[in-house]
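**Student:** If you're matching positions, the sequence shown starts at 2 in the UniProt record's numbering and goes up one per residue.
Quick reminder that beta carbons are idealized off the backbone N, C-alpha and C, glycines included.
The structure presented is a predicted model; accordingly, all values stated were derived computationally and were not measured.
Mind having a look at this structure? Questions to follow.
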Amino acid sequence: KSIVILISGRGSNMQAIVRAAVPGVRIAAVVSNRPDAAGLDFAAAHGIACAVVDHKGFADRTAFDAALAETIDGYRPDLVVLAGFMRVLTDDFVRRYAGRLMNIHPSLLPAFPGLHTHRRALEAGVRVHGATVHFVTPTLDCGPIVVQAAVPVLPDDDEAALAARVLAQEHRIYPQAVRWFAEGRLGLGADGRVRLRGEL
Ligand code: GRF
Numbered sequence: 002k003s004i005v006i007l008i009s010g011r012g013s014n015m016q017a018i019v020r021a022a023v024p025g026v027r028i029a030a031v032v033s034n035r036p037d038a039a040g041l042d043f044a045a046a047h048g049i050a051c052a053v054v055d056h057k058g059f060a061d062r063t064a065f066d067a068a069l070a071e072t073i074d075g076y077r078p079d080l081v082v083l084a085g086f087m088r089v090l091t092d093d094f095v096r097r098y099a100g101r102l103m104n105i106h107p108s109l110l111p112a113f114p115g116l117h118t119h120r121r122a123l124e125a126g127v128r129v130h131g132a133t134v135h136f137v138t139p140t141l142d143c144g145p146i147v148v149q150a151a152v153p154v155l156p157d158d159d160e161a162a163l164a165a166r167v168l169a170q171e172h173r174i175y176p177q178a179v180r181w182f183a184e185g186r187l188g189l190g191a192d193g194r195v196r197l198r199g200e201l
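Below, the structure written as structure tokens:
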């Protein structure tokens with residue numbers, strides 16, 4: 002299976018997927034909407050094709066998403082993986098990749114969609130927090146859930162400590178979801194529900 006990974010910055014989830022070297026998965030390209038994304042250096046150093054589609058060069062989301070889709074489709078991916086990609090995508094873009102577009106979100110969805118999840122978790126006083134891999138649907142951070150990992154919220158946690166604990170789990174569950182997809186065990190049913198077969 003061929004995958005394209007979309008990033009906007011550090012790209013540590015992308016790095017975790019690259020390092021996992023999932024059998025049967027070829028990372029066709031890493032695409033960033035920011036030319037200065039640190040993750041691009043890692044990808045290039047690993048011999049992975051890199052592309053930048055700078056959102057600043059487009060008048061609106063529709064034009065940006067059309068250019069992004071054109072770039073992605075040039076690599077003919079079976080799966081598109083959002084890994085810290087910080088742009089909201091149009092409904093048309095999301096529908097084009099229905100069932101083959103995944104995202105990772107740093108909370109136990111449906112709790113804390115959107116930004117600043119760790120700060121909001123601390124403010125809410127939750128005792129458990131975590132990360133979610135989900136298929137992307139038009140409503141932000143609301144798509145069908147593939148896999149989650151929970152971590153405790155500890156009494157002395159600040160945002161950075163909690164984020165680091167969650168990130169370690171992100172780096173475990175995102176490669177796992179990619180592996181399930183590559184093995185043909187994971188998909189999105191016509192009813193919009195996740196299908197996950199066999200041994201986990
Ligand atoms: C991760 O916490 C991810 O869940 C969120 O943004 C962060 C990106 O980190 N969407 P990285 O670029 O993968 O290091």
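1) Would you kindly work out how many angstroms separate the C-alpha atoms of H36 and H56, rounded to a whole number?
2) Taking contact to mean at least 3 C-beta pairs separated by less than 8 Å, is the region 135-149 in contact with the region 100-118?
3) Shortest alpha-carbon distance to F65 belongs to which of D74, R11, N34?
4) Which of the three DSSP states, helix, strand or coil, is assigned to L80?
5) Report the option in A52, L7, G40, V26 whose CA atom is closest to the CA atom of S13.
6) Leaving out five residues before and five after Q177 in sequence, what residues of the same chain have Cβ atoms less than 7 Å from its Cβ?
7) Under a Cβ-count criterion, where at least 16 other Cβ atoms within 10 Å of its own Cβ denotes burial, should L80 be classed as buried or exposed?
8) With a threshold of 6 Å (Cβ to nearest heavy atom), would N34 be considered close to the ligand GRF?
**Tutor:** Reading it off the structure:
1) The residue you call residue 36 lines up with position 35 of the sequence shown. The residue you call residue 56 lines up with position 55 of the sequence shown. Correcting the residue type first, residue 36 is Pro in the shown sequence and not His. Cα to Cα, the separation comes out at about 10 Å.
2) The region 135-149 and the region 100-118 touch, with no fewer than 3 CB-CB distances between them shorter than 8 Å.
3) As a working note, residue 65 is residue 64 in the sequence shown. Considering only alpha carbons, the answer is N34.
4) Taking the sequence shown and counting its residues from 1, the one referred to as residue 80 is at position 79. Correct three-state label for L80: strand.
5) For the purposes of this step, residue 13 is taken as the residue at position 12 of the sequence shown. Among A52, L7, G40, V26, the Cα nearest to that of S13 is on G40.
6) Numbered from its first residue, the sequence shown carries residue 177 at position 176. If we look at Q177 and ignore the five residues flanking it on each side, its Cβ neighbours are V148.
7) To locate residue 80, count along the sequence shown from 1; it is residue 79. That one is buried.
8) Here the question's residue 34 lines up with position 33 in the sequence shown. No.
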